[in-house]
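**Student:** Here the sequence shown stands for residues 1 to 274, where the numbers follow the working numbering. Even for Gly, the Cβ is constructed at its ideal location relative to N, Cα and C.
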Amino acid sequence: MGLLLARKKIDKEYYIIDNVQEETYNIPEDICNNSISFDPNTKLEANEWYYLNNFSAENYFLRIMNRVISTAEYNRLTEVNNTDIDVIVERRNHFVFFQKITASKVIYSKKFCHFLENGCGIREETDSIEIAVIPSIIYNQIEDKLYFRKFSDLTTIFDGIIELYREATDAEVMAFFNLDFINTVDFTVDDVKTENRKRISMVRQEMGEWTDAERQTVMRYIHEYAIDISYENGRFLIHNDRELRLLMWGLELRFYRTIVGDKKYIANSVRSIE
Numbered sequence: 001m002g003l004l005l006a007r008k009k010i011d012k013e014y015y016i017i018d019n020v021q022e023e024t025y026n027i028p029e030d031i032c033n034n035s036i037s038f039d040p041n042t043k044l045e046a047n048e049w050y051y052l053n054n055f056s057a058e059n060y061f062l063r064i065m066n067r068v069i070s071t072a073e074y075n076r077l078t079e080v081n082n083t084d085i086d087v088i089v090e091r092r093n094h095f096v097f098f099q100k101i102t103a104s105k106v107i108y109s110k111k112f113c114h115f116l117e118n119g120c121g122i123r124e125e126t127d128s129i130e131i132a133v134i135p136s137i138i139y140n141q142i143e144d145k146l147y148f149r150k151f152s153d154l155t156t157i158f159d160g161i162i163e164l165y166r167e168a169t170d171a172e173v174m175a176f177f178n179l180d181f182i183n184t185v186d187f188t189v190d191d192v193k194t195e196n197r198k199r200i201s202m203v204r205q206e207m208g209e210w211t212d213a214e215r216q217t218v219m220r221y222i223h224e225y226a227i228d229i230s231y232e233n234g235r236f237l238i239h240n241d242r243e244l245r246l247l248m249w250g251l252e253l254r255f256y257r258t259i260v261g262d263k264k265y266i267a268n269s270v271r272s273i274e
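1. Leaving out the 5 sequence neighbours to the left and right, which residues in its chain are closer than 6 angstroms to S104 when beta-carbon positions are compared?
2. Roughly how many whole angstroms lie between the Cα atoms of F176 and R204?
3. How many angstroms separate the CA atom of D39 from the CA atom of H94?
4. Between which two residues does the alpha helix (DSSP H) carrying T42 extend?
5. By the three-class DSSP mapping on this structure, what secondary structure does N34 have?
6. On the CB-based measure, 16 or more other CB atoms within 10 Å of its CB, does K138 come out buried or exposed?
7. Rounded to whole angstroms, what's the CA-CA distance from A72 to V96? Just pull it up for me.
8. Under a three-way DSSP split, which group does G2 fall into?
9. Consider the C-beta atom of Y51 and the heavy atoms of the ligand PLP; say whether any pair is separated by less than 7 angstroms.
10. Where does R235 sit, in a helix, a strand or coil, going by DSSP?
11. Return the chain-ordered list of same chain residues with a C-beta closer than 7 angstroms to the C-beta of Y15, the five sequence neighbours on each side being excluded.
12. For E209, does the three-state DSSP call read helix, strand or coil?
13. Taking the continuous alpha helix (DSSP H) assigned at D170, which residues delimit it?
14. Just the Cα atoms here: how many angstroms apart are M207 and E172?
15. Quick test of your reading: R275 and Y50, contact by CB under 8 angstroms. State the CB separation rounded to the nearest angstrom.
16. CB-CB under 8 angstroms to L247, same chain, minus the five flanking residues each way: which ones, in chain order?
17. Compute the Euclidean distance between the alpha carbons of Y231 and S56, then round it to the nearest angstrom.
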């Protein structure tokens with residue numbers, strides 16, 4: 001038996017809907033082997049999922065995800081419009097399933113005509129919410145792993161999780177511009193757009209783990225591939241957001257050269273094969 005709950009938009013609290021005998025959501029086949037550790041630089045293939053390890057140790061872990069909860073702590077859902085609900089949760093066995101409810105999932109009252117051999121039948125459906133076969137998010141309590149496909153689904157449900165994929169602040173962008181291999185020309189912190197701010201946020205952490213030798217190797221690598229960026233006195237001259245994007249791609253090690261034809265390319269997704 002599973003426990004079905006819903007979250008109201010107005011107060012972000014979870015309410016008990018009912019105990020359910022049938023399974024509300026399906027678990028994707030072989031999700032353990034079709035999942036990769038979350039990396040904003042990696043794009044999922046078909047049927048793949050991201051996962052986050054040791055999720056119960058994070059500040060944004062919800063008490064509703066604990067192995068044991070007291071139903072007495074949750075009020076029962078009564079007299080609520082379907083448009084007031086933004087999340088549905090099912091607890092079943094050692095899984096917790098989340099479905100993000102968007103406006104497209106709310107079905108308003110409709111009448112349907114079914115044509116039969118000897119006439120037709122009219123059936124009326126009241127307001128309802130469409131339940132997805134596969135949920136937006138799956139938490140496995142035994143593995144302590146959170147599985148998901150879209151990071152935007154997480155930000156709706158888990159307050160603070162945006163830190164995993166946030167934009168760099170003005171101070172962090174300025175600190176990045178002050179590094180000894182960058183020189184901006186008529187290009188300020190205010191000119192940096194969202195995509196590059198997120199890349200700066202991710203790359204700064206990665207660079208902190210490089211040795212001096214690795215850092216020099218990366219600088220030579222960027223100089224070789226990012227030929228559209230001017231280079232003077234050991235610094236890359238950044239005039240605009242496009243040149244900054246090229247520099248960020250270099251710091252993410254996205255450039256590569258084909259074995260046949262010796263052509264240079266930029267990878268649109270980066271994935272470890274170790």
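**Tutor:** Taking the coordinates as given:
1. Position 104 of the sequence shown, counted from the first residue, corresponds to residue 104. Any reading at S104 must be qualified, since the residue scores a pLDDT of 49, below 50, and its modelled position is unreliable; the value itself is stated next. Once the five neighbours on either side are set aside, S104 has no close Cβ partner at all.
2. As a first step, residue 176 is located in the sequence shown; it is residue number 176 there, counting from the start. As a first step, residue 204 is located in the sequence shown; it is residue number 204 there, counting from the start. Rounded to the nearest angstrom, the two C-alpha atoms are 8 angstroms apart.
3. By one-based count along the sequence shown, residue 39 stands at place 39. By one-based count along the sequence shown, residue 94 stands at place 94. Their backbone Cα atoms lie some 26 angstroms apart in a straight line.
4. Reading the sequence shown from its first residue, position 42 is the one you call residue 42. It is not in any alpha helix (DSSP H) - T42 carries neither H nor E in the DSSP assignment.
5. In the sequence shown, residue 34 corresponds to position 34, counting from 1. Coil at N34, not helix or strand.
6. The residue given as residue 138 occupies position 138 in the sequence shown. The residue asked about is misnamed: residue 138 is Ile in this sequence, not Lys. For I138, the number of other beta carbons within 10 angstroms of its own is at least 16, and it is reported as buried.
7. Here the question's residue 72 lines up with position 72 in the sequence shown. Here the question's residue 96 lines up with position 96 in the sequence shown. Roughly 18 angstroms between the two C-alpha positions.
8. Mapped onto the sequence shown, residue 2 falls at position 2. The answer is strand: DSSP assigns G2 an E or B state.
9. Here there are no bound small molecules, and the ligand PLP is not part of this structure.
10. Here the question's residue 235 lines up with position 235 in the sequence shown. In the three-state reduction of the DSSP assignment, R235 falls in the strand class.
11. As a working note, residue 15 is residue 15 in the sequence shown. Only L5, A6, K8, Y74, N75, R76, L77 meet the Cβ criterion.
12. Numbered from 1 along the sequence shown, position 209 holds the residue referred to as residue 209. Coil at E209, not helix or strand.
13. Walking along the sequence shown from the start, residue 170 turns up at place 170. Here the alpha helix (DSSP H) through D170 covers 170-177.
14. Here residue 207 refers to the residue found at position 207 when the sequence shown is read from its first residue. Here residue 172 refers to the residue found at position 172 when the sequence shown is read from its first residue. If I take the Cα positions, the gap works out to 14 angstroms.
15. Any question about residue 275 goes unanswered here, given that the chain covers just 1 to 274.
16. Walking along the sequence shown from the start, residue 247 turns up at place 247. In chain order, I182, I222, A226, I229, F236, I238 place their CB closer than 8 angstroms to the CB of L247, counting only its own chain and leaving out the 5 sequence neighbours on each side.
17. Along the sequence shown, read from residue 1 onward, the residue named residue 231 stands at position 231. Along the sequence shown, read from residue 1 onward, the residue named residue 56 stands at position 56. In a straight line, the C-alpha of Y231 is about 46 angstroms away from that of S56.
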